[in-house]
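In full-length UniProt numbering, the protein residues as written are 1 to 675.
Set out below in structure tokens:
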């Protein structure tokens with residue numbers, strides 16, 4: 001806009017065209033929106049103009065080096081809304097940025113006016129002459145490819161040829177060839193650009209992957225049948241389980257704390273207050289005379305053994321995630337060397353952890369307000385120690401009980417030196433805190449998924465994570481944890497386990513399983529939403545091979561789900577989830593769709609009976625527009641072919657489809673649209 005800065009005050013907030021409500025934008029750009037390599041990020045903005053001339057809107061993606069990488073013209077999201085949307089696809093990890101441009105669409109304005117006026121016989125010659133001039137000027141633009149200039153020049157010549165019919169001249173300015181040229185390179189004037197907004201692209205495992213949790217001390221643990229005494233498993237015996245985990249298609253093996261465990265107030269079986277001499281205690285009660293967070297429990301082995309475990313995991317295609325639990329047992333060395341890192345009560349005692357009515361006498365929480373600098377540096381030292389031993393993923397226990405500024409500082413500090421390190425927030429807490437932790441830098445987070453079981457609850461939850469929270473929050477949909485055994489799993493039988501696994505693995509790019517899920521472990525401790533004989537407080541022996549040989553294992557089913565995840569790029573993204581409608585209140589339907597770099601499309605439709613106790617029948621109504629199916633896929637009756645990736649069956653589907661899912665036979669369809 002030449003001269004605008006001198007003709008008007010310099011403190012105007014709007015440019016030539018107003019652009020507002022840009023997304024993805026986190027706190028006005030104070031924090032970067034999150035993305036993954038190759039992820040299709042939904043970009044939208046409100047842009048408007050005075051009068052009736054056409055407005056064009058474009059999203060531009062810039063690499064971490066500042067050079068333009070992608071330019072996408074945004075589509076109108078509805079008549080009269082002035083809302084525009086499209087998709088940007090960043091590449092390698094780094095701090096990218098994007099901007100929105102709004103501009104006077106010269107061709108769109110002429111095209112609309114010419115169609116209306118010529119049809120009405122108004123200003124016919126004037127409109128055709130204006131079209132000829134417009135395309136002629138565009139043909140003189142050396143920035144256009146020679147072939148495109150030839151197309152525009154030929155069209156301009158016909159538009160200006162008064163020896164031809166009006167219809168022929170107008171049609172020449174609207175041919176598919178002309179439209180293609182204009183689509184590739186619009187004729188723009190009065191371009192208004194927003195500032196550049198940050199988009200942080202992190203490595204795949206920051207938001208994609210299947211997690212498996214096990215306790216190393218249980219893998220290979222042996223109980224003497226005569227004395228009842230246990231011999232703990234260790235890193236060497238646990239490594240023998242790694243090929244089995246990798247064979248199920250998991251990407252991450254997550255270990256609870258591996259440090260020495262305190263003896264003071266050690267918990268016994270089922271969280272009892274009286275531990276026997278052979279009870280191992282909770283791994284989360286960290287610290288004893290044998291060391292703290294920078295030490296390994298002697299029963300598990302040495303640092304050399306741990307390094308061998310990490311190497312073996314990497315060898316079979318697994319990354320090791322280590323628990324970062326910032327708390328201490330009463331026996332932790334910090335209690336003596338740094339009592340200021342805890343909260344001292346009036347009677348001189350150190351406050352232990354409480355979550356009323358629960359009491360954790362074996363754990364002292366840390367207090368970051370007494371010596372924030374000293375404590376922060378110590379935690380950074382510990383994290384760097386484990387990074388030096390090959391750990392690139394940390395699952396953080398209860399991050400919502402520490403100041404958010406600390407996480408912003410720690411994650412930022414670590415990622416400055418090690419940009420590939422990933423932090424997962426284990427925070428089942430208030431939405432505001434969960435959102436704050438995501439903004440502070442946590443690459444992914446646990447979520448409310450475990451408690452969302454009905455169709456209505458799931459639809460609300462899936463909308464939240466894939467649309468509302470997506471710019472700053474990456475959910476990891478764990479189906480169970482050592483602390484969480486929901487009533488749905490306690491009483492839903494095998495159908496409940498299958499349904500939860502299907503939804504978690506298909507709805508989000510990251511999902512997780514705690515060992516025992518594949519064996520349908522479902523008996524809870526009375527009065528609690530956690531397992532009886534909880535592995536947190538004792539050893540657990542599981543005969544994986546025998547269970548699978550006898551058909552008592554969900555491992556083959558989980559393996560198939562992970563195979564589907566690895567084979568279908570549509571499942572790599574979060575924001576491409578679309579809910580569809582069914583007539584049955586217990587039948588959940590959603591789809592995942594992605595256009596690949598070569599122009600091919602990957603489309604999955606997931607239908608799940610979330611009632612584990614019955615067979616459900618429904619009519620499923622699909623939003624075909626969201627599926628973006630190519631016309632050639634449809635037959636003469638408007639049907640297209642789908643293949644069930646679980647059962648292997650195939651059907652013809654359309655807008656409305658009859659579905660019957662018997663929970664006891666198979667609670668879900670995972671349908672791939674055949675290309």
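All residues carry an ideal CB built from backbone N, CA and C; glycine is no exception.
Here the structure is a predicted model, which means the values were calculated and not measured.
First and last residue of the uninterrupted beta strand (DSSP E) at residue i
i	result
residue 671	668 to 673
residue 84	83 to 88
residue 355	353 to 355
residue 185	Careful: residue 185 lies outside any beta strand (DSSP E) and carries neither H nor E.
residue 198	197 to 201
residue 57	55 to 62
Cβ separation of residue i and residue j, assumed to be a contact under 8 Å, to the nearest whole Å
i	j	result
residue 24	residue 95	Wrong, their Cβ atoms sit about 14 Å apart, outside the cutoff.
residue 451	residue 486	6 Å
residue 326	residue 258	Rounded, the Cβ-Cβ distance is 15 Å, inconsistent with contact.
residue 445	residue 433	About 11 Å; that fails the 8 Å criterion.
residue 329	residue 288	7 Å
Pairwise C-alpha distance: residue j and residue i
i	j	result
residue 374	residue 596	49 Å
residue 333	residue 362	14 Å
residue 400	residue 367	13 Å
residue 154	residue 119	23 Å
residue 502	residue 669	9 Å
residue 385	residue 646	44 Å
residue 464	residue 449	11 Å
residue 2	residue 37	Legend: pLDDT at residue 2 = 47, less than 50; position of this residue unreliable, no value from coordinates given.
residue 594	residue 602	5 Å
residue 307	residue 13	57 Å
residue 546	residue 634	47 Å
residue 314	residue 535	26 Å
residue 32	residue 556	40 Å
residue 599	residue 130	36 Å
residue 192	residue 102	5 Å
residue 17	residue 200	28 Å
residue 357	residue 404	25 Å
residue 663	residue 468	31 Å
residue 426	residue 321	13 Å
residue 372	residue 364	17 Å
residue 217	residue 544	16 Å
Distance cut-off 7 Å: residue i Cβ against heavy atoms of the ligand GTP
i	result
residue 248	This structure lacks the ligand GTP, and indeed carries no ligand of any kind.
CB of residue i within 8 Å of CB of residue j, strictly
i	j	result
residue 608	residue 588	yes
residue 430	residue 26	no
residue 283	residue 498	no
residue 262	residue 268	no
residue 72	residue 54	no
residue 265	residue 515	no
residue 298	residue 290	yes
residue 392	residue 254	no
residue 643	residue 661	no
residue 85	residue 77	yes
residue 221	residue 541	yes
residue 88	residue 19	no
Terminal residues of the alpha helix (DSSP H) in which residue i lies
i	result
residue 566	555 to 567
residue 409	404 to 417
residue 323	It is not in any alpha helix (DSSP H) - residue 323 instead sits in the beta strand (DSSP E) that spans 319 to 324.
residue 148	146 to 159
residue 509	No alpha helix (DSSP H) holds residue 509; DSSP gives it neither H nor E.
residue 684	This structure cannot speak to residue 684, because the chain is shown only from 1 to 675.
residue 237	235 to 239
residue 544	544 to 549
residue 443	Careful: residue 443 lies outside any alpha helix (DSSP H) and carries neither H nor E.
residue 309	303 to 315
Three-state secondary structure (DSSP) of residue i
i	result
residue 17	coil
residue 116	helix
residue 585	coil
residue 630	coil
residue 622	coil
residue 111	helix
residue 451	helix
residue 653	strand
residue 677	Residue 677 lies beyond the stretch modelled for the chain, which goes from 1 to 675, so this question has no answer here.
residue 460	helix
residue 539	coil
residue 494	helix
residue 433	helix
residue 245	helix
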